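Heads up: the structure comes next, in structure tokens.
Numbering (full-length UniProt numbering), first residue to last: 1 to 696.
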């Protein structure tokens, strides 16, 4: 037993555990929905972790050297809320009584931005354990970089409680495999083996030997037969796991779901509150009054209160960091800057600028230049590719690989694990001190979408590098050609999708992505070469869209005389295409708008939008992707509402019409359709009731 526990008055640990069980069962009943079963079964695990093992300061939940806890089976959140309340976090009992209600700090699944003490948002099964791999990787990397001469300023564990469902999800297999390969010795997973899922007993679908599977991954494994009552065995197993420094640990703990309920050990207790009479009987079974709700005995309150010992833990670390700062002042300042998420003043000074005289390159090639410039300026940049480094062009020239014996490396070899890569990146960001990027083909962001969505929901500034951004990747064909991906991601709240047109816009996209630390970014980048445009700038990207060219009677001009006859708005590779098409429109005055980030353009003032897109002027969007969503900013949409095909780029351009002649023909049709009449005002519509970014 840890020292701080030994100093406390001796009380029955069973009383503590049973208090957790009933406090966790009370919450779903009060909220009239929720999952009491797993919390009732997992109470001994939570008791040992929060009461005996973990170091944290509930009054400073962001203390950098705290142990991290992840509830991967997020539906069991009543358990986590019970422990956060009992140990002294900012989660009063009244919040637990508002479980799953509007405005409560105890939402239906854990949300990192809502509840003090919650590290990551969990609920979609498998995500939490995968985030934990990222948390443990961040700890190992920062420890390798900053710990010196026994002054271990980065020295903490990542603990997870997960269930059968988490280990059935493919994403947990991806990340657990990588965790074993990397030897993450400070990752300890408590597996709640209650053998019940929503459909029934696990013997209907899940009969593999999980321990052998994890042994094959390279994990240290243990088994506890009686997870209901033998809390001493749980404690011993965790201490044993902490002694295994070269492997992550899985502790399989057999429990009874809904222990104490009349419905224990059945799927009926998984996802519905206990009926009042059942809850009352369970309380009496555990020695409480059946009529008391949210009851915490005074001695249990004192036992779990971590405010004093938590402050002591942090003060001990503060003394350590002070000694460290005296000996290594530059390293201490750098560590503090990175943990606070601050950027140095001159971090973007080395970003290059381009002119039309510079050689044509694919935007993925400009991305390689931008990424390495930023990673040189910002040592917190870490990341990798899902086995596509030569295609994504994401290798960091200034750093080696993050491997088991070289965790100081900043480049992560994720293997063919797109979903796991994204989920790990969420954990890396959640830890602090590192800023993650990850890369794959744009179409395969779809493989990772569950974790990508949680990046956005969690307000994590993960940077997704997505190359091969259109049908013009060519011969690989429709299985690899993204069509709907931009539309899908643009529809996602708190997500910025960048599709730059050339080198300058690629630089600007990276700058915007780095500076928007709580917005998730996807950079959609071309395989094919694109020209650098005369009027592109990195600075304009933050506005989302801007006027990049004016063409009158077939020639580019600095300014148009009067209003344009037509506006072409395009992204990425279609910007230069639109300029070329405009030059074929003899007799027309055409404005070309580059819109590298429609999400950022959405945020601009109505005055700016009117300045760029005009009022009553025909607008045609040009993008080699699904047209969904373009009606907001254009009257006609030149796009691709079908899957692509396997062919050369030239054949695809000819067949699908992404060439100057065809675009020009469609533009003429649009102008002729209105025949001199004003086009509908894109901004003249009733006010829309759109709720955005509402904290709760």
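We treat Cβ as the ideally placed atom computed from N, Cα and C, and that holds for glycine.
Please read these numbers as outputs of a predicted model, since none were measured by experiment.
Mind pulling the beta strand (DSSP E) runs of 3 or more residues that sit fully within the stretch 617–672?
619–622, 636–638
Secondary structure of residue 2, DSSP reduced to three states:
The pLDDT assigned to residue 2 is 39, lower than 50, so where the model puts this residue is not dependable, and the model offers no usable value.
Q) Quick one: Cα of residue 514 to Cα of residue 254, how far? A) 44 Å
Would the stretch 61–76 and the stretch 155–175 be scored as touching if the rule is three or more Cβ pairs under 8 Å? Counting Cβ pairs under 8 Å, three or more are found: they touch.
### Residues of its chain near residue 680, where Cβ-Cβ distance is below 6 Å and the 5 sequence neighbours each way are ignored
none
- Would you check if the distance between the CB atom of residue 507 and the CB atom of residue 351 is smaller than 9 Å? yes
DSSP-derived helix/strand/coil call for residue 525
Three-state DSSP puts residue 525 in a strand.
Quiz item: For the beta strand (DSSP E) that residue 193 lies in, which residues bound it at each end?
Solution: Residue range 187–193 is occupied by the beta strand (DSSP E) that includes residue 193.
- Item | Which residues DSSP lists as bridging residue 550, in chain order | 557, 591
Name the DSSP beta bridge partners of residue 16, please? According to DSSP, which records beta bridges pairwise, residue 16 is partnered with nothing at all.
When burial is assigned at 16 or more other CB atoms within 10 Å of the CB, is residue 6 buried or exposed? Bear in mind that a pLDDT of 38 at residue 6, under 50, signals an unreliable position, so the number given afterwards is only what the model happens to contain. Label assigned to residue 6: exposed.
Using the DSSP secondary-structure output, state which residues sit across from residue 742 in a beta bridge. The structure shown does not extend to residue 742, since the chain spans only 1 to 696, so no value can be given for it.
Go ahead and label residue 743 buried or exposed: buried means 16 or more other beta carbons lie within 10 angstroms of its beta carbon, across all protein chains shown.
The chain is shown only over 1 to 696; residue 743 falls outside these bounds and no answer can be derived.
Problem - Of the residues 228, 188, 410, 540, the one placed nearest residue 264, counting alpha carbons only - result: 228
Next on the checklist: Please give the ranges of any beta strand (DSSP E) in the stretch 433–500, keeping only runs that are unbroken, at least 3 residues long and fully inside the region.
Outcome noted: 435–441, 463–467, 495–498
Check your understanding: What do you reckon, is the C-beta of residue 639 under 8 Å from a heavy atom of the ligand NAD?
Key -> Although the ligand NAD was asked about, the structure shown includes no ligands whatsoever.
Please list the terminal residues of the continuous alpha helix (DSSP H) segment that includes residue 180.
170–182
Worksheet entry | For residue 620, the nearest candidate out of 666, 553, 33, 187 (CA to CA) | 666
query: Is the beta carbon of residue 674 sitting closer than 9 Å to the one on residue 618?
result: yes
Original post:
What does residue 703 pair with, by DSSP beta-bridge criteria?
Top reply: Lying before the first or after the last residue shown, residue 703 is absent from the chain, which here runs from 1 to 696.
Rounded to whole angstroms, what is the Cα-Cα separation between residue 523 and residue 408? 26 Å
Roughly how far, in whole angstroms, is the beta-carbon of residue 44 from the beta-carbon of residue 234, given that I think they are within contact range, below 8 Å? 6 Å
* Identify whether residue 338 lies in helix, strand or coil by the three-state DSSP scheme. => Residue state for residue 338 is assigned as helix, using DSSP reduced to three classes.
Exercise for review: Could you pull out every residue in the same chain whose Cβ sits closer than 7 Å to the Cβ of residue 535, ignoring the five residues on either side in sequence?
Suggested key: Here the set comprises 548, 549.
- Three-state secondary structure (DSSP) at residue 7? Because residue 7 sits at a pLDDT of 41, beneath the cut-off of 50, its placement in the model cannot be relied upon, and the following sentence gives the value as read from the coordinates. Residue 7 falls in the coil class under three-state DSSP.
Checklist entry - Is it true that the CB of residue 604 sits closer than 9 Å to the CB of residue 528? => result no
Nearest by alpha-carbon distance to residue 256: which of 383, 41, 448 is it? 41
Run the CB neighbour count on residue 696, radius 10 Å, all protein chains shown included, and call it buried at 16 or more, exposed below. Residue placement at residue 696 cannot be trusted, given a pLDDT of 49 that sits under 50; the coordinates are not used to answer.
Segments of 4+ residues assigned as alpha helix (DSSP H) that fall wholly inside the stretch 8–84: 13–31, 37–48
What is the DSSP secondary structure of residue 699, counted as helix, strand or coil?
The chain is shown only over 1 to 696; residue 699 falls outside these bounds and no answer can be derived.
- Task: Please state if the CB of residue 129 and the CB of residue 162 are separated by a distance shorter than 9 Å.
- Result: yes
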